[in-house]
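For what it's worth, our numbering labels the leading residue of the sequence shown as 6, then goes sequentially.
Note that the Cβ used here is the ideal one computed from N, Cα and C, for glycine as well.
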Amino acid sequence: MLIDTHAHLDELEYTLDLETVITRAADAGVHRVLSIGTGLRSSLQVVSLAERFPSLYAVVGVHPTNIEKEGGDFFEQLQEVALHPKVVAIGETGLDFHCLPSKSGAPLHGRSSKEVDSAAVDRAYKSLQVRVFLQHLDLAAQLGLNVVIHQRDAWEDTWRLLARYSGRLQGVFHCFGGTIEQAREIITGGHLVSFTGMVTFNNAETIRNTAAQVPPDAYMVETDCPYLSPVPFRGKRCEPAYVRIVAEAISRVRREGLDAVARQTTATAKAFFRLK
Numbered sequence: 006m007l008i009d010t011h012a013h014l015d016e017l018e019y020t021l022d023l024e025t026v027i028t029r030a031a032d033a034g035v036h037r038v039l040s041i042g043t044g045l046r047s048s049l050q051v052v053s054l055a056e057r058f059p060s061l062y063a064v065v066g067v068h069p070t071n072i073e074k075e076g077g078d079f080f081e082q083l084q085e086v087a088l089h090p091k092v093v094a095i096g097e098t099g100l101d102f103h104c105l106p107s108k109s110g111a112p113l114h115g116r117s118s119k120e121v122d123s124a125a126v127d128r129a130y131k132s133l134q135v136r137v138f139l140q141h142l143d144l145a146a147q148l149g150l151n152v153v154i155h156q157r158d159a160w161e162d163t164w165r166l167l168a169r170y171s172g173r174l175q176g177v178f179h180c181f182g183g184t185i186e187q188a189r190e191i192i193t194g195g196h197l198v199s200f201t202g203m204v205t206f207n208n209a210e211t212i213r214n215t216a217a218q219v220p221p222d223a224y225m226v227e228t229d230c231p232y233l234s235p236v237p238f239r240g241k242r243c244e245p246a247y248v249r250i251v252a253e254a255i256s257r258v259r260r261e262g263l264d265a266v267a268r269q270t271t272a273t274a275k276a277f278f279r280l281k
């Protein structure tokens with residue numbers, strides 16, 4: 006049995022055939038799927054899906070790049086959503102400094118980056134993400150839940166903030182693409198990493214090297230669907246059934262049987278998300 010620990014089944018790509026997608030996952034040995042919220046509306050949708058399908062569980066939160074779209078009063082509502090019995094973690098949350106306003110020309114609170122100092126715009130953008138990330142971490146700690154972390158070009162800041170909650174919660178760095186040294190730092194800190202279909206990509210030697218060396222109880226598998234379809238489905242819609250391909254790829258680089266990888270990652274996911 007496998008668990009897809011990160012899927013976005015509320016996306017429009019699944020509107021017409023979600024039941025079939027879930028059936029295909031079960032046929033592939035994927036019997037549980039964590040459906041991840043990326044905003045308030047998205048979080049409400051993944052909770053609704055978890056109510057509808059017994060094999061689905063919900064993770065609720067606001068993706069760092071979606072914060073400004075949500076407006077200023079979303080978090081109180083998110084707290085209420087997080088109390089649902091099928092909500093098993095908070096996220097995805099974190100920091101994403103990859104596309105700063107000064108680089109993208111994106112407006113900040115109705116102003117373009119040309120109207121204000123670009124460095125000030127970037128500082129405000131980062132500060133907002135930091136504040137909301139801390140809100141998510143506080144909520145997780147209060148509810149006794151763990152966190153699903155998105156980190157892009159913000160490693161030091163993410164790690165510094167997460168360290169404040171040492172012993173109070175555990176995080177998984179989803180879609181991990183870092184080095185074995187970074188993975189070891191995460192694991193030593195009491196957290197986990199999770200691998201996607203990127204482990205099958207031709208240019209992903211760093212990811213495969215990391216997947217080969219992490220301790221067996223320190224990683225999980227995911228699809229991040231509908232994105233990041235593994236080889237041989239690149240360019241097509243990804244779905245939870247493909248987490249089996251991810252596990253197969255990891256079993257090869259670790260020189261372990263698929264059953265061993267499935268058994269260990271399932272046990273790790275059950276513990277992290279407190280699944281029965």
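- Per DSSP, the unbroken beta strand (DSSP E) holding valine 226 starts and ends at 224-226.
- Annotated three-state conformation of threonine 28 is helix, per DSSP.
- Taking a C-beta distance under 8 Å as the contact criterion, valine 135 and glycine 96 do not qualify as a contact pair.
- For the 8 Å CB-CB criterion, proline 237 and glycine 202 do not form a contact.
- Excluding sequence positions up to five before and after glutamine 156, its CB lies within less than 7 Å of the CB of Gly99, Leu100, Thr163, Phe178, all in the same chain and listed in chain order.
- Around the beta carbon of serine 171, fewer than 16 other beta carbons sit within 10 angstroms, so the residue counts as exposed.
- In this structure, Ala276 is the residue among Tyr232, Phe80, Ala276 with its C-alpha nearest to the C-alpha of aspartate 222.
- For histidine 179, there is no enclosing alpha helix (DSSP H), as DSSP gives it neither H nor E.
- Taken in chain order, the whole beta strand (DSSP E) runs of length 3 or more contained in the region 181-246 are 197-200, 224-226.
- Contact holds between the region 203-223 and the region 256-264, because three or more Cβ pairs, one in each stretch, are under 8 Å apart.
- DSSP places glutamate 97 in the uninterrupted beta strand (DSSP E) bounded by 92-101.
- In the three-state reduction of the DSSP assignment, leucine 263 falls in the helix class, which pools H, G and I.
- The three-state reading of DSSP puts arginine 37 in strand, counting E and B together.
- If you draw a straight line from the Cα of threonine 184 to the Cα of asparagine 214, it is about 8 Å long.
- Note that the C-beta distance between tyrosine 62 and arginine 46 is not below 8 Å.
- Of the other Cβ atoms in all chains shown, fewer than 16 fall within 10 Å of the Cβ of cysteine 104; this residue is therefore exposed.
- For alanine 63, the uninterrupted beta strand (DSSP E) segment begins and ends at 61-65.
- Note: alanine 12 is bridge-paired with Ser40, Cys230 in the DSSP secondary-structure output.
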